[in-house]
Amino acid sequence: MPAKKTSSVRIAIIGTGGMAHYHARFFQKTRGCRLVAGVDTDPERLKAFVEAHNIPEAYSSTTELLAQSEIDAAVIVTPDPYHKDITLECIAAGKHVLCEKPLALNYRDAKAMTDAAHKAGVINMVHFTYRNWAPLQKIAQLVQSGKIGEVRHVEASYHQAWLVSKAWGDWRTSPNWLWRLSSEHGSKGVLGDIGVHILDFATFPAGAIKSIYCQLKTFKKAPRNRVDSYKLDANDTAVMTVEFSNGAIGSIQTTRWMTGHLNRILLKISGTKGSVSFDSEISESTYQICKGADIDKNQWKTIAVKSTPNLQQRFIKSIRTGTQDQPDFARGAEIQKLLDASFKSDALKTPVKIR
Ligand SMILES: NC(=O)c1ccc[n+]([C@@H]2O[C@H](COP(=O)([O-])OP(=O)(O)OC[C@H]3O[C@@H](n4cnc5c(N)ncnc54)[C@H](O)[C@@H]3O)[C@@H](O)[C@H]2O)c1
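When the sequence shown is numbered by this note's numbering, its final residue is 355 and no position is left out of the sequence of numbers.
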């Protein structure tokens, strides 16, 4: 039985590490919901989390949560390999689910999660954070309404620097970074971590990808490429050449080696009547456009965009109204398909068609 529509949505956050604090802060600012429980296998982290956010209930497992607590929705913020099983357990109990990205470790699992959510009739969303950036929503409208004509060329990049910079801590001594570098700990490398974001960021406005050619690289980072129990084998740079269903081609890149850029997203989409551009280091609330009379003058205009509801607000609204918003699990699964194709392309050294 799906969870009932309710006036105040009771939420549990499962996995109370770094990103859980972000969710807690956003949900606490969202009307129509209450944070009632935290869940973590690490008792100290759990205690610190529920105390920091004044959350009344704490559990050491999802099973314990579902048996003992009256919740309507779960927000799953564990490391990637646990997303699938925890999501399926919550859905089986009729709970709405907002799951962190990547939705799963492969398309088959992501599809199973999508099918389970549809069958149970629960609201399901995947946390592609950058959908919160209003310029992306505006760029998608402009491109899809034909304002820059037929799309010809797309460039998209997501850069981070934490393999060199210590601004976010030292990865060599931080479990929250080390698991991201190790396949044995369920990581799909930079591609699964932030590649999913840039694939969503590029394809949401520019449309579906029909073929992908991907090169992945894992550089040696430590003696024997190991730190304690972490074998450092997950990719840390990905470069993709893609063809879109609308005929455009493009390049999509992501890396953790971009020293000087802690967390930068770039997008440029060019068509037969103009170009749009976004650079998070210029501003997260503006985009640039060159069209009409500006084309021959080679000039760009900077346009400021009013903020749009964030994913936490949209998740709660979906539950309260019973109307599924985006990005849903089906979208998460589509992005997962692109990840699977990227790994296959890298292994075969050839472009792979998306089916
Ligand atoms: N959307 C974004 O922008 C964004 C940003 C950062 C992280 N994330 C995603 O959020 C998730 C968590 O990342 P993080 O940086 O917070 O990791 P983290 O390592 O800081 O925290 C994960 C927490 O989950 C707990 N945990 C592990 N297994 C569990 C289980 N079975 N049940 C309950 N708790 C369990 C760990 O003890 C830890 O406290 C990942 O999937 C990551 O990809 C998303």
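In this text, a Cβ means the ideal position worked out from N, Cα and C, and glycines have one as well.
Suppose the cutoff is 6 Å on Cβ atoms and the five residues either side in sequence are ignored; what does the same chain contact list for residue i look like?
i	result
ALA330	THR114
PHE204	ALA140
ALA3	Summary for ALA3: the model assigns pLDDT 48, below 50, so the residue's position carries little reliability; its value from the coordinates is reported in the next sentence. These residues qualify, in order along the chain: ASP72, GLY94, LYS95 and HIS96.
THR254	TYR158, VAL190, ILE194, GLY195, ILE198 and ALA238
ARG45	THR16
CYS90	ALA74 and VAL97
MET258	HIS159 and ALA161
LEU348	none
CYS99	ILE76, HIS83, THR87 and VAL126
LYS306	none
GLY18	ASN176
ILE335	VAL196, LEU199 and ASP200
Can residue i and residue j be called in contact, C-beta distance under 8 Å?
i	j	result
LEU181	LEU136	no
ALA58	LYS47	yes
ILE269	THR30	no
ALA202	LEU103	no
VAL77	HIS118	no
CYS33	SER69	no
GLY271	ILE148	yes
ILE265	SER280	yes
ASP200	PHE128	yes
LYS188	LEU105	yes
Straight-line CA distance for residue i to residue j?
i	j	result
ASP218	ASN235	Checking the sequence, you will find Thr at residue 218 rather than Asp. Going by the C-alpha atoms only, they are around 4 Å apart.
ARG256	TRP162	6 Å
LYS344	ALA206	23 Å
ARG10	GLN326	21 Å
GLN299	GLY169	40 Å
GLN312	THR321	14 Å
THR286	VAL164	29 Å
GLU284	TRP133	6 Å
ALA167	LEU262	8 Å
ILE55	PRO175	25 Å
LEU35	GLN28	7 Å
ILE123	ARG314	11 Å
ALA52	ASP109	34 Å
ILE319	MET125	11 Å
ILE295	ARG152	16 Å
VAL242	VAL50	44 Å
ALA156	VAL143	15 Å
GLY250	ILE289	18 Å
ALA120	LYS111	14 Å
ILE252	MET240	5 Å
LYS273	LYS291	6 Å
ASN225	GLY192	20 Å
Could you give the first and the last residue of the continuous alpha helix (DSSP H) run that contains residue i?
i	result
VAL50	43-52
THR30	Careful: THR30 lies outside any alpha helix (DSSP H) and carries neither H nor E.
ILE198	196-206
ALA333	329-348
ARG314	311-321
LYS297	294-297
THR286	First-last for THR286: 286-291, but that is the beta strand (DSSP E), not the alpha helix (DSSP H).
THR259	THR259 -> no alpha helix (DSSP H), and no H or E assigned at all.
LEU66	62-68
Give the range of the beta strand (DSSP E) segment to which residue i is assigned.
i	result
HIS74	The residue asked about is misnamed: residue 74 is Ala in this sequence, not His. Residues 73-76.
LYS221	No beta strand (DSSP E) contains LYS221, which DSSP labels as neither H nor E.
ASP279	274-279
SER174	From DSSP, SER174 is part of no beta strand (DSSP E); its letter is neither H nor E.
VAL239	237-244
LEU232	Careful: LEU232 lies outside any beta strand (DSSP E) and carries neither H nor E.
GLU57	57-59
ARG264	263-271
THR302	301-304
ALA12	9-14
Beta carbon of residue i: closer than 7 Å to some heavy atom of ligand 3?
i	result
VAL77	By its list of ligands, the structure shown excludes ligand 3, since it contains just ligand 1.
Short of 7 Å in beta carbon distance, which residues of its chain neighbour residue i, apart from the five on each side in sequence? Order them along the chain.
i	result
ILE354	ILE209, LYS210, SER211, ILE212, LYS337, LEU338 and ALA341
ASP346	CYS214, GLN215 and LEU216
MET1	A caution first: MET1 carries a pLDDT of 47, below 50, which makes its placement in the model too unreliable to give a value.
PRO351	SER211, ILE212, TYR213 and SER345
GLN324	ILE123 and SER318
ALA248	VAL151, ARG152, HIS153, VAL154 and ALA206
ASN310	PHE26 and ASN132
ALA20	ILE13, PHE49 and VAL77
Excluding sequence positions up to five away, which residues of its chain have a Cβ less than 8 Å from the Cβ of residue i?
i	result
ALA222	ARG172 and LEU232
THR62	ILE14, VAL39, ALA74, ILE86, GLU89 and CYS90
HIS185	PRO79, PRO81, LEU178, TRP179 and TYR230
TYR130	LEU136, HIS197, ASP200, PHE201 and ILE265
THR41	SER60 and SER61
LYS138	TYR287, ILE303 and VAL305
Which full runs of the alpha helix (DSSP H) of 4+ residues lie inside the segment 79-167, going along the chain? DSSP runs (the alpha helix (DSSP H)) wholly in the segment 79-167: 83-92, 107-120 and 134-144.
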